[in-house]
Amino acid sequence: MTMKETALEAPITPEMLWENYHEPIAGFVRNRTNRHPDAEDIVQTIFMKAYRHLPDLQDETKLRAWMYQIARNAITDHFCKEKTTGPLPEQILDREEEAADYTEEAVAGMKGVFPYLPDKYREAVELSELKGMSQKELSERLGISYSGAKSRVQRGREMVRDLMNSCCSIETDRYGHIVHYEVVHPRPLGIKGKKRGPAASEAASPNEDI
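Quick note: the sequence shown uses this note's numbering, first residue 28, plus one each step.
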C-alpha cells in the first residue's frame, strides 16, 4: 500500500511520515548537500517542520510534493544561516530553484532516447507509454497477435531502460518515485551515429509477430 493510499484511509501520523519518507528524504538531502556533515541534522529539521505543520496540509494526496518542498526549503535555510562560516555547497547554489519532483525531466529524457530504438519497438513503446494504448489496441493497430504486441512492448521498455541507464543518473525511492535525475552523457553510450540501427535488436524476439 502506498502512502497516497494510506492517506485516503487514515489520518497521517508522525510515525507514518517517518516510515514512508525518512529514507528518500535523507537520500535527497545527502545528494543536494554533497553528503555534508550537517545532512542528518537537516533531515531531523525537515521532519520536525513536517510534524508541526501537518494540520496545514489540505490535500493529503499531495503529501509527497509537500515533503520535498519542506526539504528543499530546509536545505536552503540551513546554509543561508551558516553562509558566514563558508561558501554554500555547490549543489545548493546550482539547484536552489530546482523542483524536487524529477518525473517530467525523466519523461523528457525517455522521449529523447526513443529515436535510438529500432522502428518497430519505438512505435510500440510510443503508442503504449505516451498514447496510453492498451496492448489489445496495439495488436490491432500493428496487425500482430496480442502476445506479439505484449512482447514488443516489454522488449521496447527494456531497451529504453538500458539506454536511459547508459546516459542518465536516476535515483528512486522505495515506491519508485524519482527523487533525482541527471543527464551524465549527451547521448546513450555505445551509439556510433545519431540513431541506433535496427540490426542490433531486431532478432531479440523472433516469434513476437506471430
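Ideal Cβ placement from N, Cα and C applies to all residues, glycine included. If you're wondering where the values come from, they're calculated on a predicted model, not measured in any experiment.
For residue i, I'd like the list of residues in its chain whose CB is within less than 7 Å of its CB, leaving aside the five on either flank, ordered along the chain.
| i | result |
| --- | --- |
| A77 | L44, M94 and I97 |
| A211 | The question names Ala, yet the displayed sequence has Val at residue 211. Excluding positions up to five away in sequence, the list reads C194, C195 and S196. |
| L239 | Here the chain has residues from 28 to 237 only, and residue 239 is not among them. |
| P215 | V140, Y143, L190, S193 and C194 |
| K163 | Y173 |
Beta-carbon within less than 8 Å of residue i's beta-carbon, same chain only, minus the 5 sequence neighbours each way: which residues are those?
| i | result |
| --- | --- |
| A66 | A53, V56, R57 and T60 |
Answer yes or no: do residue i and residue j have a C-beta to C-beta separation smaller than 9 Å?
| i | j | result |
| --- | --- | --- |
| G183 | Y148 | yes |
| V152 | M191 | no |
| I205 | A92 | no |
| L169 | E198 | no |
| F74 | P51 | no |
Expressed to the nearest angstrom, what Euclidean distance is found between the alpha-carbon atoms of residue i and residue j?
| i | j | result |
| --- | --- | --- |
| S161 | S155 | 6 Å |
| E46 | D104 | 25 Å |
| L165 | G139 | 22 Å |
| I102 | L157 | 35 Å |
| Q85 | Q71 | 23 Å |
| G136 | A176 | 24 Å |
| H63 | H49 | 17 Å |
| P259 | E131 | With the chain represented from 28 up to 237, any question about residue 259 goes unanswered, as that position is not in the structure. |
| G159 | R79 | 40 Å |
| R188 | D83 | 39 Å |
| Q181 | C107 | 47 Å |
Who are the near neighbours of residue i in its chain, counting only those whose CB is closer than 6 Å to its CB and skipping five residues on each side?
| i | result |
| --- | --- |
| E209 | S196 |
| H207 | N58 and E198 |
| D68 | none |
Ignoring anything shorter than 4 residues, give me the alpha helix (DSSP H) runs that lie fully in the stretch 145–218, in order along the chain. 146–152, 162–169 and 173–194
Counting only runs that start and end within the stretch 32–84, where is the alpha helix (DSSP H) found for 4 or more residues in a row? 41–59 and 66–80
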